[in-house]
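A quick write-up on the structure given underneath.
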Amino acid sequence: MRLFPAPEDRIAPYGFYAAMRRDHPVAYDERSGSWGVFRYADAKTVLTDHARFSSDFRKVTRLHAVSGQLRPNLISTDPPRHRQLRLILAPTFAPTAINRLAPRIKEMVNRLLDEVIEQGRMELVADLAYPLPVMVIAEMLGVPPADRPQFKQWADAIVGEGGGILLSNEISPQRFAIQKEMDAYFSGILAERRKAPKEDLLSELLVAGADGVRLSEQDILSFCNLLLIAGHVTTVNLITNAVWTLLSHPEALARLQFERGLLPSALEEVLRFRSPVRAVSRVALDEVLLEGQRIEAGQRIVVNLSSANRDERVFAEPERFDVTRSPNPHLAFGHGIHFCIGAPLARLEARIALAAILDRLQALSFDGEPHLAPLDSVLLDGVERLPLVFRQGERIGLTIG
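So my numbering is basically just the index in the sequence shown, starting at one, shifted up by 279.
Right, here's the structure in full:
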């Protein structure tokens with residue numbers, strides 16, 4: 280049984296999800312040997328119960344794509360190691376720490392818009408949504424400006440592999456080759472930072488610790504790799520999906536123009552309505568029953584976040600895009616111990632980008648009849664391109680809500 284929408288349904292997969300929630304809330308796919316969960320309550324159970332549903336696919340070696348090449352990181356470890364890593368990394372990604380980046384992110388957004396503003400048209404993904412998070416991550420890590428084209432090439436290659444996020448922490452030979460290149464590069468920077476620390480994330484990670492535990496070089500290299508993948512893809516899709524959804528709901532766009540205080544809740548609704556990441560996966564450590572279905576130890580469970588976020592058992596009128604929705608307990612950033620540590624950064628980048636778009640791009644609309652091509656990934660919800668036309672507005676102080 281299919282666990283993901285067919286390629287032709289990826290732009291509008293919600294009929295598929297509704298049918299699965301109704302008829303097959305926990306479904307088995309014989310071809311892949313995986314289970315899929317589609318309702319909110321079951322998704323939350325799998326995401327929360329790390330004693331029965333593990334993020335560490337190394338525990339089930341038959342799922343490995345390339346033996347010996349898997350390396351643990353924050354999203355692919357279980358307690359107690361996960362708790363150690365999270366305690367060390369959490370201060371860097373706390374909202375108070377991330378908000379200090381706001382002025383610099385505003386400069387980056389304005390610089391990207393300056394390059395297209397006089398043309399009266401832009402391709403949102405290539406011109407803003409895609410380069411922005413790469414620029415932010417490169418600067419956070421202290422990547423020298425001269426090296427950033429190489430940094431972008433790695434991002435391009437990783438994202439090109441089905442969106443960069445695999446069903447587990449499996450790894451292809453191409454992906455492994457990129458990982459080795461990145462490891463060699465960042466090992467060199469780490470050696471420099473040990474001799475002469477700077478005010479950047481790599482220097483912080485070299486001395487960071489919690490409960491008497493410090494990060495090893497392999498831990499730091501894994502985190503750099505993860506940040507480029509997860510920190511990039513989620514933000515690209517969030518910015519793109521926000522503009523796409525608002526243009527598809529002009530009444531909501533008009534309201535945001537006059538009520539900028541709604542911007543944070545509008546972005547939360549985008550996260551629910553069109554989640555940047557469709558699904559994540561876990562592996563069952565023991566035999567378990569879900570919705571009457573027996574899942575065996577060692578089997579993979581695909582948690583369909585996009586379906587859970589449209590569950591009518593939790594969300595009133597789930598097919599309606601409501602920028603004032605409250606409460607909005609969506610699962611777009613996961614739940615439990617693996618709730619996305621980078622969520623504050625993704626939210627900040629998206630808020631600043633959307634505020635700048637609202638301020639500077641007047642009469643914003645699709646460039647012609649939109650013929651949107653979905654990303655070539657079962658796990659990511661976004662589009663390859665989003666051409667826009669607009670009239671130049673005033674460059675004013677940006678309000679990010």
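Even for Gly, the Cβ is constructed at its ideal location relative to N, Cα and C.
In the structure shown, Met-280 adopts coil according to DSSP, grouped into three states. Under the DSSP assignment, Phe-669 falls in the beta strand (DSSP E) whose first and last residues are 666-671.
At least 8 Å separates the beta-carbon of Leu-469 from that of Leu-480. CA-to-CA, the gap between Thr-513 and Glu-570 works out to about 30 Å. Between Val-562 and Gly-577, the C-beta spacing is below 8 Å.
Counting only runs of 3+ residues, the beta strand (DSSP E) found wholly inside the region 574-618 occupies 579-583, in chain order.
Counting the other CB atoms within 10 Å of its CB gives Arg-626 a total of 16 or more, which places it among the buried residues. Secondary structure note for Glu-496: its alpha helix (DSSP H) is the uninterrupted segment 496-527. Inclusion of Val-549 and Leu-517 in the CB contact set at 8 Å is warranted, their separation being smaller than that value. In this structure, the alpha-carbon of Glu-287 lies about 42 Å from that of Leu-366.
Under the three-pair Cβ rule at 8 Å, the region 598-618 does not count as touching the region 639-646.
Per DSSP, reduced to three states, the secondary structure at Ala-489 is strand. For Gly-315, there is no enclosing alpha helix (DSSP H); the residue is part of the beta strand (DSSP E) that begins and ends at 313-316. A contact between stretches requires three or more CB pairs, one per stretch, nearer than 8 Å, and the region 651-667 fails this requirement with the region 413-423. In the three-state scheme derived from DSSP, where H, G and I count as helix and E and B as strand, Ser-560 is classed as strand. As the crow flies, the alpha-carbon of Ile-437 is around 7 Å from that of Arg-454. Here Ala-285 has Phe-295 as same chain residues with Cβ atoms under 8 Å from its own Cβ, once five neighbours each way along the sequence are excluded. Contact between the region 395-409 and the region 494-509 is not established, with fewer than three Cβ pairs separated by less than 8 Å. Ser-466 is positioned such that its CB atom lies no closer than 8 Å to that of Ser-544.
For Ala-611 against Ser-554, the beta-carbon gap comes to about 4 Å, under 8 Å, which counts as contact.
Take the alpha-carbon of Ile-457 and the one of Phe-537: they are about 46 Å apart. With a cutoff of 8 Å on beta-carbon distance, Arg-579 and Ser-313 are scored as near each other. Rounded to whole angstroms, the separation of the alpha carbons of Pro-452 and Val-602 is 43 Å. In this structure, DSSP gives Tyr-409 a state outside helix and strand, which the three-state scheme calls coil. Per the coordinates, the alpha-carbon of Arg-331 lies some 15 Å from the alpha-carbon of Pro-359. Between the alpha carbons of Trp-433 and Met-461 lies a distance of about 8 Å. Taking C-beta atoms as the reference points, Leu-505 and Leu-637 fail to come closer than 8 Å. The Cβ neighbour count for Thr-375, taken over all protein chains shown within 10 Å, is under 16; the residue is labelled exposed. Take Gln-671, set aside five residues on each side of it, and the residues of its chain with a beta-carbon closer than 8 Å to its own are Ile-396, Glu-397, Gly-399, Arg-639, Leu-640, Gln-641, in chain order. Rounded to whole angstroms, the separation of the alpha carbons of Pro-382 and Val-388 is 10 Å.
Non-local beta-carbon contacts of Arg-300 in its own chain, meaning distances under 7 Å to residues more than five positions away in sequence, involve Phe-317, Arg-318, Ser-586, Asp-590 in chain order.
C-alpha of His-303 to C-alpha of Arg-599: approximately 23 Å in a straight line. Straight-line measurement puts the Cα of His-511 at about 8 Å from the Cα of Tyr-409. Distance check between Tyr-293 and each of Leu-584, Gly-613, His-650, Val-515 places Leu-584 closest, using alpha-carbon atoms only. In the DSSP assignment, Phe-645 forms a beta bridge with Leu-667.
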